[in-house]
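One rule links them: number in our numbering = place in the sequence shown (from 1) + 5. Glycine included, every Cβ here is placed at the ideal spot set by N, Cα and C. All remarks here apply to the structure that follows.
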Amino acid sequence: MACRYPGACDSPDKLWQFLRDGQSAITEVPAYRWSVDDYYSPDATAPGKMRCRFGSFLGPVEDFDCQFFRMSKKEAECLDPQQRLLLELSCEAIADAGLAKTALAGSRTGVFIGQSGFDFAVQHTNLDSLNELTPYVGSGCSFAPAAGRIAFFHDFHGPAYVLDTACSSSLVAVHNACRSLQNGDCDLALVGAANLILSPAMTINFDKLGLLAPDGRIQTFDAAAHGFVRGEGAGMIILKKLPDALRDGDRLDGLILSSAINEDGSSNSLMSPNGLAQVDVIRQTLQGAGITPDDMDFLETHGTATPAGDPMELNALADVFATTTRRRPLRIGSVKTNFGHLEAGAGMLGICKLLLSMRHNALPPHLNFEHGTAEFDWSSGCLEVNRTLSPWARSDRPRIAGISGFGFAGTNAHIILAEPPLTGSAGRPRLAAPVFDRQRCWSAAAERARLGRQSATNLHIMQEHLRLMQQYLNLRSTNNSQASSKTDGDLYGH
6 MACRYPGACD SPDKLWQFLR DGQSAITEVP AYRWSVDDYY SPDATAPGKM
56 RCRFGSFLGP VEDFDCQFFR MSKKEAECLD PQQRLLLELS CEAIADAGLA
106 KTALAGSRTG VFIGQSGFDF AVQHTNLDSL NELTPYVGSG CSFAPAAGRI
156 AFFHDFHGPA YVLDTACSSS LVAVHNACRS LQNGDCDLAL VGAANLILSP
206 AMTINFDKLG LLAPDGRIQT FDAAAHGFVR GEGAGMIILK KLPDALRDGD
256 RLDGLILSSA INEDGSSNSL MSPNGLAQVD VIRQTLQGAG ITPDDMDFLE
306 THGTATPAGD PMELNALADV FATTTRRRPL RIGSVKTNFG HLEAGAGMLG
356 ICKLLLSMRH NALPPHLNFE HGTAEFDWSS GCLEVNRTLS PWARSDRPRI
406 AGISGFGFAG TNAHIILAEP PLTGSAGRPR LAAPVFDRQR CWSAAAERAR
456 LGRQSATNLH IMQEHLRLMQ QYLNLRSTNN SQASSKTDGD LYGH
């Protein structure tokens with residue numbers, strides 16, 4: 006497992022500490038992404054403006070170790086920072102698994118990537134950037150090389166491709182990786198996802214749809230839920246068939262018991278969730294895992310905190326898990342309350358959360374929940390929001406959790422995870438993660454765009470300065486006029 010998430014969560018240990026302590030990475034948009042004041046307006050109808058000033062962000066992404074990845078600076082300049090992140094995570098995930106990079110060269114290792122963000126590509130392929138096009142723009146900006154470049158660097162010979170099903174992308178990538186392992190297409194699989202927000206455009210789009218929380222507070226399943234914020238980050242895991250992992254002495258973090266995907270079909274609209282489809286995809290995974298609803302301990306929900314989406318998901322869960330034989334409520338939570346919505350990377354973050362919860366025998370708190378939405382019957386007792394750090398220790402029965410992801414184009418995914426067997430859990434030790442000598446690497450188009458944003462900010466400052474000066478001159482003129490009138494009045498006896 007390897008990760009990069011806001012709040013300095015650049016390792017699984019740091020991510021766990023962040024989740025365990027119930028921290029939030031949501032802040033105002035940092036200046037190194039864009040000047041939020043240039044695009045902010047409290048008026049929802051203002052063209053080109055957003056009401057939400059918040060999100061969760063990684064640091065600056067201009068730096069990259071070209072030499073380590075055998076790449077010229079000219080090529081790296083045109084490389085989407087999401088690809089850069091995934092390249093680094095592939096090396097870190099392999100080291101974390103205790104595998105030698107050289108031992109995997111030439112192997113049937115697959116690469117499955119979830120990605121939907123295209124901010125970098127738009128910046129580098131618009132009409133204003135035509136004079137700066139190089140032979141590397143195509144491979145740097147399109148989606149396919151996000152997987153192919155990893156396979157090229159490590160000399161992997163299994164399937165390598167990118168999936169885009171919006172918010173369910175990384176879970177669909179895991180599902181496809183499992184199928185490829187079962188079919189014998191590969192012997193080992195790297196599955197990852199990355200999301201970076203390099204432009205305000207899609208944030209404005211989501212705000213116009215009324216999906217974003219203007220105050221940055223994500224209150225999933227709460228009566229006051231009013232939207233989410235967008236988030237950045239990247240994660241990667243390594244999958245292998247259990248008999249092969251036990252044979253090779255691998256360290257096990259968890260087992261994938263089952264996965265399923267489906268589509269909403271014709272519902273209220275393309276982007277509207279479909280409760281019946283959500284019920285169906287969860288039931289498929291339960292059947293595939295050979296377990297009952299009562300066997301599930303926890304479910305990491307999609308949980309976008311929208312007034313329409315939350316009740317639909319809760320009622321779909323109740324349809325599946327409100328059984329007469331359930332001994333305790335199914336605990337639920339959403340990591341979106343910590344990091345916002347990572348879109349294509351949302352599912353990967355949720356999987357990392359579940360694996361770490363099993364490793365540390367506890368479930369981290371779900372934030373910002375006080376009073377449950379009135380659109381769901383909480384008195385049924387089948388669901389319980391996990392509001393505090395809760396023990397989740399091993400017992401005489403295996404710990405089992407599910408995770409859901411619903412894409413806005415209608416593709417739903419659900420995965421069921423279980424704790425690993427004690428045999429083989431310790432496994433091979435982790436290797437030292439590579440140290441990257443990152444140096445500034447940013448294309449001329451991106452630099453020009455940044456300077457353009459700065460120029461816009463400077464123009465705004467100049468305009469504000471001129472406005473204040475005009476107010477001052479008008480005030481001075483008025484005062485002078487009043488003084489002249491008073492003098493004239495005195496002279497004429499008024």
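Distance between residue j and residue i (C-alpha atoms, nearest Å)
i: A349; j: I405; result: 24 Å
i: P205; j: G143; result: 23 Å
i: P219; j: L203; result: 19 Å
i: T306; j: G352; result: 10 Å
i: R113; j: Q88; result: 21 Å
i: A229; j: D249; result: 48 Å
i: L20; j: N279; result: 32 Å
i: G163; j: T50; result: 49 Å
i: D18; j: P52; result: 43 Å
i: R336; j: G64; result: 33 Å
i: A431; j: S400; result: 18 Å
i: F211; j: H346; result: 12 Å
i: T309; j: T225; result: 6 Å
i: G189; j: W39; result: 46 Å
i: P86; j: F125; result: 8 Å
i: S395; j: G254; result: 31 Å
i: L244; j: E380; result: 39 Å
i: C14; j: G355; result: 14 Å
i: Q289; j: G338; result: 21 Å
i: S16; j: C96; result: 13 Å
i: F344; j: N391; result: 17 Å
i: T139; j: A81; result: 11 Å
i: S175; j: L193; result: 17 Å
Short Cβ contact (7 Å threshold) for residue i with residue j
i: G148; j: Q120; result: One detail in the question is off: residue 148 reads as Phe in this sequence, not Gly. Cβ distance < 7 Å, so F148 and Q120 count as in contact.
i: G293; j: S272; result: no
i: A199; j: L90; result: yes
i: L360; j: F303; result: no
i: K78; j: C71; result: yes
i: A108; j: M241; result: no
i: G410; j: S173; result: yes
i: K341; j: I223; result: yes
i: G259; j: P425; result: yes
i: V41; j: R58; result: yes
i: L94; j: F74; result: no
i: E67; j: R445; result: yes
i: A239; j: R9; result: yes
i: F117; j: N181; result: yes
i: I287; j: A418; result: no
Cβ neighbours of residue i in the same chain (closer than 6 Å, five flanking residues each side left out)
i: T170; result: V177, G412, T416
i: D269; result: N279, A282, G415
i: P150; result: S144
i: H470; result: Summary for H470: the model assigns pLDDT 48, below 50, so the residue's position carries little reliability, and this model does not support an answer.
For residue i, the residue or residues it bridges with in DSSP
i: P396; result: A367
i: C14; result: Y10
i: N373; result: For N373, which the question treats as bridged, DSSP gives no partner whatsoever.
i: Y141; result: Beta-bridge pairing links Y141 to no other residue.
i: A406; result: F303, L422
i: D227; result: G377
i: Q444; result: F69
i: R256; result: DSSP lists no partner for R256.
i: M55; result: Y45
i: F233; result: L217
i: E97; result: For E97, which the question treats as bridged, DSSP gives no partner whatsoever.
i: S264; result: I420
i: S40; result: Its beta-bridge partners do not exist; DSSP assigns none.
i: F117; result: Y166, V196
i: S173; result: DSSP, once it has assigned bridges, lists no residue as partnering S173.
Residues near residue i in its chain [Cβ-Cβ closer than 7 Å; skip 5 each side]
i: V284; result: A321, D324, V325
i: G12; result: F23, Q28, A30
i: T393; result: P370
i: G314; result: P278
i: L247; result: L260
Are three or more beta carbon pairs between the segment 428-439 and the segment 94-107 nearer than 8 Å?
Contact holds: three or more Cβ-Cβ distances are below 8 Å.
Flag this pair as touching only if the segment 233-250 and the segment 45-56 have three or more C-beta atom pairs under 8 Å; answer yes or no.
Verdict: no, contact absent.
Within 8 Å, do at least three Cβ pairs link the segment 382-394 to the segment 151-161?
no
Hey, is the segment 211-227 in contact with the segment 325-334, meaning 3+ C-beta pairs nearer than 8 Å?
no
How do the segment 365-384 and the segment 30-39 stand: do at least 3 beta-carbon pairs fall below 8 Å, yes or no?
Because the criterion of three Cβ pairs below 8 Å is not met, the segment 365-384 and the segment 30-39 do not touch.
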